[in-house]
Structures are given as C-alpha cells and as structure tokens.
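Asker: Provided herewith is a single structure, encoded as structure tokens, for subsequent inquiry.
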Amino acid sequence: MNCKLCSSFITYEVSFVDILWFKSIEEPLICDKCRAKFVYLSPNGCPQCNRQQDEHDVCFDCQRWNRQHAPLINRALLRYNDTMKQFIQAYKYQYDFTLAQVFKAEFTAFLKQAGDVVYVPIPMKSTQRQFNQVTALINQNKLKLVEVLVVKPTVFDQKQAQRNRQQRLTSEQPFCVNPHLVAAIKAKKIVLIDDIYTTGTTLHHAVAVLRQYTTAEIVSYTLCR
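Using UniProt numbering, the first residue of the sequence shown is number 1, and each one after it goes up by one.
Here is the structure:
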C-alpha cells in the first residue's frame with residue numbers, strides 16, 4: 001500500500017502470533033516518515049488557544065476576542081504545520097474518509113481528559129462531503145456526543161477555507177440548536193470539538209449559541225492548532 005500523503009510504498013511486518021491467532025491486520029495509511037513530521041503540542045504558548053509561541057502570554061488573536069467575548073480555552077493535540085495541512089487537505093477537502101483512522105484513537109483519548117462533560121461536535125457545513133470530518137475523528141463507542149448544534153441552511157457550502165482572514169473573522173452566526181437536544185446540555189459543562197482552530201471564529205460562534213442554555217464552563221478541543 002502507498003502512503004496517503006507522500007505516495008511512497010509502505011512496508012509492514014506481520015508477526016507469527018498475529019497469523020496464529022487470526023488477528024485482523026490493519027494496513028498503515030501513512031508511512032513512518034510522514035508520521036514523524038506531525039508535531040504534538042505542549043502546554044507552552046498562549047494559555048487560551050494553545051498557539052505555540054515563545055511567550056506564555058495571551059496571544060494577539062485571543063486579546064482581540066477577549067475584548068468582544070468571554071475568554072475561550074482551547075486545547076489542541078497537534079500543530080498545524082505543513083504535514084498537518086496536507087493531511088487536512090486530503091481528509092477534509094478531498095474527502096478521504098479513511099484518513100480519520102490515523103488519529104482516531106489518540107484524539108478520542110485526548111478528549112477523554114476533559115472528564116465529566118457533554119461533548120458537542122461542530123456540525124458539517126458542506127453538502128458535498130458525505131461525512132462529518134469532526135465526528136469521524138472520534139471513537140463514539142468510547143465517547144458520547146450530543147449533536148445539538150445545527151448549521152443554518154444559508155451557510156451550507158460557503159467554504160471557510162476559501163475565505164481570507166478578515167472574511168472569517170466577520171462572518172455571520174452560522175449555528176442554531178436542535179430544540180430536541182437542548183435538555184442534554186442545560187446547565188452542563190460543555191467541550192466543543194472541531195478539527196482545526198484557525199482564527200477561532202467558528203468556536204466562538206458556537207459558544208455564543210450554547211451560552212443561552214448553560215452557565216457552566218464551555219471549552220474547546222481541536223485536533224490541531
């Protein structure tokens with residue numbers, strides 16, 4: 001099998017024990033060389049959004065958000081470097097659903113660190129993609145999701161990736177809620193889940209909607225930052 005990112009041929013070994021016990025063999029989707037290029041984030045940097053920087057002060061983006069909204073704490077697993085950008089492009093925009101398996105176990109374990117919370121994923125905004133790129137990254141047998149957020153019909157297929165920074169920051173509220181699921185989040189601590197934190201606009205929009213139903217803490221966890 002070839003690596004999904006660099007197309008190089010992947011060799012992998014099957015042990016005698018695996019054969020003996022008829023274990024299912026999962027072929028790796030990316031090669032070791034590409035996997036080594038992903039960078040896991042440390043707690044250093046901006047204490048709010050997890051942006052990696054030399055200083056441990058609140059970054060410029062978060063200072064701007066704080067002038068308009070209550071501070072939002074975001075935790076991310078990986079840095080949005082060139083390799084992660086390539087991964088997101090293949091997974092999210094070229095619709096390679098299989099790539100969800102690469103980080104599913106790690107991302108699920110990362111989310112479970114939040115403890116006793118309600119997990120709310122950011123909903124899919126595209127009618128072209130046949131899967132929600134956020135929920136596909138999570139092992140839902142180990143972590144229950146409450147998909148209370150709904151995208152307004154006028155927002156579908158307005159591709160966020162094609163907007164410049166200013167257009168993202170000034171975009172209108174894209175979300176409303178499913179009234180049948182509101183009871184599940186009332187007065188509960190919420191963890192918002194998204195694939196990537198860029199300007200923070202999507203997550204702040206989500207907080208603004210959910211804040212009407214809970215006074216408890218709302219934080220966000222993302223695959224990358």
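Even glycine gets a Cβ: it sits at the ideal position worked out from N, Cα and C.
Bear in mind the structure is a predicted one, so any value in this text is a computation, not a measurement.
Rounding to the nearest angstrom, what Cα-Cα distance links Asn139 and Phe107 in this structure?
Answerer: For the purposes of this step, residue 139 is identified with residue 139 of the sequence shown, where counting begins at 1. For the purposes of this step, residue 107 is identified with residue 107 of the sequence shown, where counting begins at 1. Cα to Cα, the separation comes out at about 9 Å.
Asker: With DSSP as the reference, identify every bridge partner of Tyr40, one or two as the case may be.
Answerer: Numbered from 1 along the sequence shown, position 40 holds the residue referred to as residue 40. BP columns for Tyr40 point to Leu78.
Asker: Using a 10 Å radius around the Cβ and a threshold of 16 neighbouring Cβ atoms, would you call Asn132 buried or exposed?
Answerer: Walking along the sequence shown from the start, residue 132 turns up at place 132. Classification of Asn132: buried, given that the 10 Å Cβ count is 16 or more.
Asker: For the beta strand (DSSP E) that contains Thr222, what are its first and last residues?
Answerer: Mapped onto the sequence shown, residue 222 falls at position 222. 218 to 224 is the extent of the beta strand (DSSP E) around Thr222.
Asker: Is DSSP giving Val182 helix, strand or coil here?
Answerer: Sequence index remark: in the sequence shown, residue 182 carries index 182 (1-based). Val182: helix per DSSP, three-state reduction.
Asker: From which residue to which residue does the alpha helix (DSSP H) around Leu111 run?
Answerer: As a working note, residue 111 is residue 111 in the sequence shown. Unbroken alpha helix (DSSP H) run through Leu111: 104 to 112.
Asker: Just verifying my parser: in three-state terms, what is the DSSP assignment at Asn2?
Answerer: Here residue 2 refers to the residue found at position 2 when the sequence shown is read from its first residue. Strand, per DSSP.
Asker: Using only the alpha-carbon positions, how far apart do Pro28 and Leu137 sit?
Answerer: Sequence index remark: in the sequence shown, residue 28 carries index 28 (1-based). Sequence index remark: in the sequence shown, residue 137 carries index 137 (1-based). The alpha-carbon atoms of Pro28 and Leu137 are separated by roughly 16 Å.
Asker: The alpha helix (DSSP H) spanning Asp61 covers which residue range?
Answerer: Within the sequence shown, residue 61 is the residue found at index 61, counting from 1. First-last of the alpha helix (DSSP H) with Asp61: 60 to 66.
Asker: Can you give me the C-alpha to C-alpha distance between Gln52 and Asp82, rounded to a whole angstrom?
Answerer: Here residue 52 corresponds to residue number 52 of the sequence shown, with the count starting at 1. Here residue 82 corresponds to residue number 82 of the sequence shown, with the count starting at 1. One C-alpha to the other measures close to 15 Å.
Asker: Taking the beta strand (DSSP E) that Val148 falls in, what are its first and last residues?
Answerer: To locate residue 148, count along the sequence shown from 1; it is residue 148. Val148 -> no beta strand (DSSP E), and no H or E assigned at all.
Asker: With 16 other CB atoms within 10 Å as the buried threshold, where does Met84 fall?
Answerer: Locating residue 84 in the sequence shown gives position 84, counting from the first residue. The residue is buried, with at least 16 neighbouring Cβ atoms inside 10 Å.
Asker: First and last residue of the alpha helix (DSSP H) that includes Cys34?
Answerer: Within the sequence shown, numbered from 1, the residue matching residue 34 stands at position 34. Cys34 -> alpha helix (DSSP H) spans 32 to 35.
Asker: For Val191, report the span of its beta strand (DSSP E) as first-last.
Answerer: Walking along the sequence shown from the start, residue 191 turns up at place 191. 190 to 196 is the extent of the beta strand (DSSP E) around Val191.
Asker: Go ahead and label Lys212 buried or exposed: buried means 16 or more other beta carbons lie within 10 angstroms of its beta carbon, across all protein chains shown.
Answerer: Translated into the one-based positions of the sequence shown, residue 212 becomes position 212. The amino acid at residue 212 is misidentified as Lys; the sequence shows Gln. Exposed, by the Cβ-count rule.
Asker: Given this structure, state the Cα-to-Cα distance separating Leu5 from Ala183, to the nearest angstrom.
Answerer: Taking the sequence shown and counting its residues from 1, the one referred to as residue 5 is at position 5. Taking the sequence shown and counting its residues from 1, the one referred to as residue 183 is at position 183. Straight-line Cα distance between these residues: approximately 42 Å.
Asker: Whose C-beta lies closer than 6 Å to the C-beta of Val117 among residues of the same chain, with five residues either side of it excluded?
Answerer: The sequence position of residue 117 within the sequence shown is 117, counting from 1. Lys189, Val191.
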